[in-house]
Every structure is written in structure tokens, then in C-alpha cells.
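Undergrad:
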DNA sequence: CGGTTATTTGATTATGCTCAAGGGTTGTGG
DNA sequence: CCACAACCCTTGAGCATAATCAAATAACCG
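Residue numbers (the UniProt record's numbering), protein chains in the order written: chain Z, 1 to 190; chain X, 1 to 190.
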């Protein structure tokens with residue numbers, strides 16, 4: 001699975017063989033079975049986590065027990081809770097596996113160390129945050145201005161592949177509606 | 001007004017006098033009167049824009065003519081459309097002044113040039129994007145899981161000062177509800 | 001299989017929107 | 001300084017969208 005990580009890294013910047021080796025020496029593979037937690041609310045998150053295979057979700061659970069999915073992370077994405085990572089405070093999020101997954105973990109301090117030593121890595125992370133911000137911004141825009149049906153249409157258009165591998169009730173939760181509502185919307189689309 | 005910008009810069013990193021001078025040489029002051037546009041939908045955005053005083057809003061207008069406010073930028077914040085800046089594509093956003101405001105503008109290419117020459121500036125921008133991402137993420141979380149009343153409560157708690165200077169119909173639009181709904185919520189809070 | 005989990009459907013309810021109107025405030029030009 | 005126009009906020013009545021509750025399949029997994 002490290003080869004997938006390596007392939008990803010090389011697609012993002014021209015790391016030297018030595019740098020790759022350094023990064024991989026700090027990496028730990030973690031396999032997760034469907035439904036297994038990577039992070040539970042209340043724990044402190046202290047890693048950088050690259051998804052090598054599978055799919056994870058980040059979500060909160062409200063007072064009524066309803067889940068609200070903040071994002072999905074499929075292969076070649078990153079996941080984790082940056083806020084908790086940086087503040088050292090317990091996370092308010094849960095992260096678990098939607099499918100059997102493989103994650104590459106690098107401890108926070110080790111990652112910071114690497115980041116200082118390897119300029120390309122530093123820039124890669126900056127670019128990542130940059131793009132994450134744009135994606136988040138776009139999501140806010142759809143969430144505050146679209147109706148339930150429009151949200152679903154936009155979701156299908158933006159992430160057509162997700163609709164096939166992610167259970168519908170999770171898509172509903174990601175879009176901020178109930179399973180029943182999504183089911184009815186789908187009926188009316190065909 | 002440049003002094004406010006300088007003060008901000010120095011609060012973020014230890015710029016040398018020469019660096020500050022370089023930055024300010026590339027800066028242009030733009031005064032905006034209430035309601036005046038900084039960017040209109042369809043234009044290409046090509047600046048970095050620091051708000052020295054006042055308050056601006058970024059918003060879209062939907063098919064029915066309703067406005068949806070993506071964010072506010074008050075003094076010591078930045079504004080603009082990164083997406084348009086980077087892609088060179090026309091912006092889908094409007095940005096205008098909520099109050100009489102002063103903005104420091106630096107042209108895209110000049111800014112990139114400065115960014116390459118001044119490491120502290122580069123890092124400042126990275127930190128800014130980083131924090132913007134966290135803020136955006138937090139906003140998504142509230143938007144997808146809170147009721148209208150909860151959204152307003154959270155808004156008051158997070159930005160108490162905004163409630164005083166921003167017209168209610170804009171707060172409503174920012175929160176993704178109608179003015180009438182916000183008005184009724186406020187009635188019930190007292 | 002048997003049991004859990006996921007999806008669909010229907011009936012009812014509630015939250016928030018639309019439409020319409022009134023009053024208050026602010027700003028501007030005569 | 002006044003008059004008129006913008007704009008802003010509030011209130012009410014009716015409506016629409018989506019949530020809730022309940023139940024019946026359907027799909028998935030051990």
C-alpha cells in the first residue's frame with residue numbers, strides 16, 4: 001500500500017528517492033474494516049492521514065442522535081481533524097470507514113519534522129489546504145442556496161462516482177436531509 | 001490607511017522595513033462607499049485585497065433574485081475570489097461594501113512576485129488559507145446540522161460584533177434564511 | 001437461512017418560505 | 001428644513017418543502 005502513497009506523492013511533487021524513504025520511514029499503515037473508527041469524538045487527533053484505499057467519512061452526532069457528515073475521503077485524499085491536531089483539544093468529530101480501507105498515518109510531530117526538512121512536502125501540504133479551502137467554500141455556497149433536489153443534482157454532477165459506492169442514507173446526511181427525503185427526490189428524478 | 005495594513009503585517013510576521021516598503025510600493029488604496037461594488041459577477045478577479053476599514057460581503061444571486069452571502073470581511077480580513085484569481089475565469093460572486101470601506105489592493109502578478117521574494121509573506125498567506133479552511137469547515141458543520149434558530153444563536157456567539165453593524169436581512173442571507181424568519185426568531189429570543 | 005441494515009412508501013406534522021401590508025428610519029434633493 | 005424616496009424591519013395569513021413517525025419490503029452479511 002505504500003506504493004500507492006508513493007505514487008500519489010510523486011504525482012504532486014518531484015520528491016527524491018531519499019525524501020520518499022524518509023517519509024515512508026515515518027509512515028504507518030492502518031487497515032480499517034467497514035464501520036471501524038479511525039477517530040472518535042472526545043479523542044485528540046495527532047496524525048496526518050492519507051487514504052490509500054477505501055472510503056472514510058467525518059461526521060458529528062447531534063443531540064437527537066442524527067449524524068451529519070462533513071466530508072468523505074476516498075483513495076488519494078487526506079482525512080483527520082486539523083483543528084484537534086493543532087489545538088491539542090479533543091475532537092468533536094467521528095471518522096469511520098464506509099468501506100474496508102487502508103490509511104497511511106504519520107504522527108503529527110514527525111510530519112512537522114519532515115515538513116521542515118522537505119520543502120516539496122511543505123508546499124504540497126500548502127497546496128492541499130489551499131484546494132481544500134476552495135472546495136469547502138464551494139460547498140458552503142451550494143448548501144446555503146440550493147433546495148434539497150438541487151443539492152442532490154449538484155452532488156451527482158460533482159461526485160458521480162460517490163453515488164455508486166456510498167450508501168444513500170450517508171449521501172442524505174452529507175447533503176443535510178433525511179434518507180426519506182432523498183429517496184423521494186430520487187423517485188422523482190427518474 | 002497603509003499604516004493599518006503595515007500594522008497588520010507586522011502582527012503576522014517580522015517583516016523588515018525594506019520588505020514592508022516593497023509590499024506597500026505594490027499596494028493601491030481603494031475607497032468604497034456603502035453599496036459600491038469591488039467585484040461584479042462575470043468579471044475576472046485579479047487582486048489580493050486586504051480590508052483596512054469597513055466591511056464587505058461576498059454573495060451570489062440566484063435565479064429568483066435572492067442573495068446568498070458567502071462571507072463578510074471586516075477590517076483586518078482579506079477578501080476577493082481566489083477561484084477566479086487562479087483560474088482566470090469570470091467570477092460567480094459579487095463583492096460590495098456593507099459600509100464605507102477602505103481596501104488595499106495588490107495585483108495578482110505583483111503579489112506572486114512579492115510572495116516569492118519574501119518568505120514571511122509566503123508563510124503568512126499559507127497560514128491565512130489554513131485558517132480560512134478551518135473557518136469554512138466549521139461553517140459547513142453548523143449549516144448542515146443546525147435549525148434556523150440554532151444557526152442564529154451560533155452566529156451571535158461567534159461574531160457578536162457583526163450583529164451590531166450588519167443589517168439583519170444580510171445576516172439572514174448569510175445564515176441561509178429569509179429576513180422574515182430571522183425577525184421572528186429574534187422576537188422569540190427576547 | 002436468520003438477522004441486521006438499507007431503502008421505499010404513506011400519512012401527518014412542523015419548520016421556514018411566500019406574499020402582502022404597515023411603520024420606522026435614513027438619506028437626498030429641492 | 002421639509003418632503004419624498006430608499007431601505008429596513010416587523011407582522012400576519014396561507015403555503016410548500018422537508019421532517020417525523022410508522023411500516024413494509026429489499027438487500028446484505030455472517
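All C-beta atoms, glycine included, are put in the ideal place defined by N, C-alpha and C.
(1) Does the Cβ-Cβ distance between residue 38(X) and residue 32(X) come in under 8 Å?
(2) Does the structure place the segment 5-25 of chain X close enough to the segment 166-186 of chain X that three or more beta carbon pairs sit under 8 Å?
(3) Mind pulling the alpha helix (DSSP H) runs of 4 or more residues that sit fully within the segment 119-171 of chain X?
(4) In chain X, which residues lie with their C-beta within 8 Å of the C-beta of residue 176(Z)?
(5) Short check: CB of residue 105(Z) to CB of residue 47(Z), under 8 Å?
(6) What residues match up with residue 94(X) in a beta bridge as DSSP calls it?
(7) Check the DSSP bridge columns for residue 32(Z) and list the partner residues they point to.
(8) In chain X, which residues lie with their C-beta within 7 Å of the C-beta of residue 136(Z)?
(9) Can you name the start and end residues of the beta strand (DSSP E) that residue 72(Z) belongs to?
(10) I'd like the span of the alpha helix (DSSP H) that includes residue 26(X), first residue to last.
(11) If residue 165(Z) sits next to residue 99(Z), beta carbons under 8 Å apart, how far is it from one beta carbon to the other, in whole angstroms?
(12) Compile a chain-ordered list of the residues in the segment 70-102 of chain Z whose CB is closer than 9 Å to at least one CB of chain X.
(13) Would you call residue 189(Z) buried or exposed, if buried means 16 or more other Cβ atoms sit within 10 Å of its Cβ?
(14) If you reduce the DSSP assignment to three classes, tell me which class residue 178(Z) lands in.
(15) If you draw a straight line from the C-alpha of residue 144(X) to the C-alpha of residue 179(Z), how long is it?
(16) Is it true that the CB of residue 53(X) sits closer than 8 Å to the CB of residue 75(X)?
(17) What first and last residue would you give for the alpha helix (DSSP H) that runs through residue 110(X)?
(18) Tell me, please, whether the CB atom of residue 129(X) is closer than 8 Å to any CB atom in chain Z?
(19) Taking just the CA atoms, how far does residue 25(Z) sit from residue 176(X)?
(20) Mind checking residue 17(X): buried by the 16 CB within 10 Å criterion, or exposed?
(21) Can you check whether the C-beta of residue 113(Z) is within less than 8 Å of a C-beta belonging to chain X?
(22) Please list the partners that residue 68(X) has in chain Z, where partner means a Cβ-to-Cβ separation under 8 Å.
(23) If you measure from the CB of residue 186(Z), is any heavy atom of the ligand NAD nearer than 7 Å?
(24) Against residue 60(Z), what residues of chain X qualify as contacts under a CB-to-CB distance less than 8 Å, listed in chain order?
(25) Please state if the CB of residue 49(X) and the CB of residue 88(X) are separated by a distance shorter than 8 Å.
(26) Per DSSP, which one or two residues make a beta bridge with residue 50(Z)?
(27) So residue 12(Z) is in the alpha helix (DSSP H); what residue range does that whole segment cover?
(28) If you draw a straight line from the alpha carbon of residue 149(X) to that of residue 45(Z), how long is it in whole angstroms?
TA: So, from the data block:
(1) yes
(2) no
(3) 119-145, 148-158 and 160-165
(4) 143, 144 and 145
(5) yes
(6) 59(X)
(7) 101(Z)
(8) 133, 136, 137 and 140
(9) 67-74
(10) 17-26
(11) 7 Å
(12) 70, 71, 82, 83, 86, 92 and 93
(13) exposed
(14) coil
(15) 14 Å
(16) yes
(17) 108-117
(18) yes
(19) 47 Å
(20) exposed
(21) no
(22) 141, 144 and 145
(23) What this structure holds is no ligand at all, so the ligand NAD is not there to describe.
(24) 141 and 145
(25) no
(26) 78(Z) and 104(Z)
(27) 2-12
(28) 31 Å
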